[in-house]
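Notes follow the structure.
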Amino acid sequence: MELQEQRLVEIKRRAMLLAVALVSEPFSATTDERLRAYVADDAPDAQTLAQELCALPKKVLQTRIDELQLVQRTRRTGSGSAGDGPGDAVADLMCAGRRFRRMPMPMPVIEPRDRPARGAPRAICGEEACE
704 MELQEQRLVE
714 IKRRAMLLAV
724 ALVSEPFSAT
734 TDERLRAYVA
744 DDAPDAQTLA
754 QELCALPKKV
764 LQTRIDELQL
774 VQRTRRTGSG
784 SAGDGPGDAV
794 ADLMCAGRRF
804 RRMPMPMPVI
814 EPRDRPARGA
824 PRAICGEEAC
834 E
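The sequence shown begins at 704 in our numbering and counts up one residue at a time.
Laid out in structure tokens, this is it:
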């Protein structure tokens with residue numbers, strides 16, 4: 704099971720890097736190559752691994768999640784940093800335990816560049832209002 708977890712974490716990291724590239728450099732030949740490689744190689748593996756994890760009994764998944772959370776807490780308070788290793792595996796297993804239901808992600812607010820900046824409304828002098 705640990706090899707499955709590691710492979711899923713690797714695929715997830717590549718998918719996130721690819722997502723960033725698709726936003727920042729969508730027309731780059733390199734991005735296109737990475738996207739094609741992901742679809743050809745990683746996506747089928749991810750589907751297979753996810754199905755295998757989802758097929759595990761709920762008790763087995765919960766036990767593994769508990770183990771990984773313990774390791775994660777130990778690393779946070781000990782010598783490891785908060786962002787390495789088991790954290791991603793915990794998240795991935797928790798998703799597997801929920802049959803990979805997607806949770807809504809907050810979307811960033813992006814102001815278009817051609818929109819003028821919002822400022823205080825201009826005051827209208829008495830003469831202009833009467834005209």
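Beta carbons: idealized from backbone N, C-alpha and C, even for Gly.
| query | Would you call the CB atoms of L752 and L711 closer than 8 Å? | reply | Yes, the pair counts as a contact, with Cβ atoms nearer than the cut-off.
| query | Do the region 722-730 and the region 768-777 meet, that is, are 3 or more Cβ pairs less than 8 Å apart? | reply | Judged by Cβ distances under 8 Å, the region 722-730 makes no contact with the region 768-777, as fewer than three pairs qualify.
Quick one: measure Cβ to Cβ for Y741 and L773, integer angstroms, because I've assumed they're closer than 8 Å.
Actually they do not touch by this definition, with Cβ atoms about 32 Å apart.
Cβ neighbour criterion (16 or more within 10 Å) applied to Q775
Q775 is buried by the Cβ-count criterion.
Review point. Among residues of its own chain, excluding the 5 on either side of D745, which ones have a beta-carbon nearer than 8 Å to its beta-carbon?
Key: Hits under 8 Å: I714, R717, A718.
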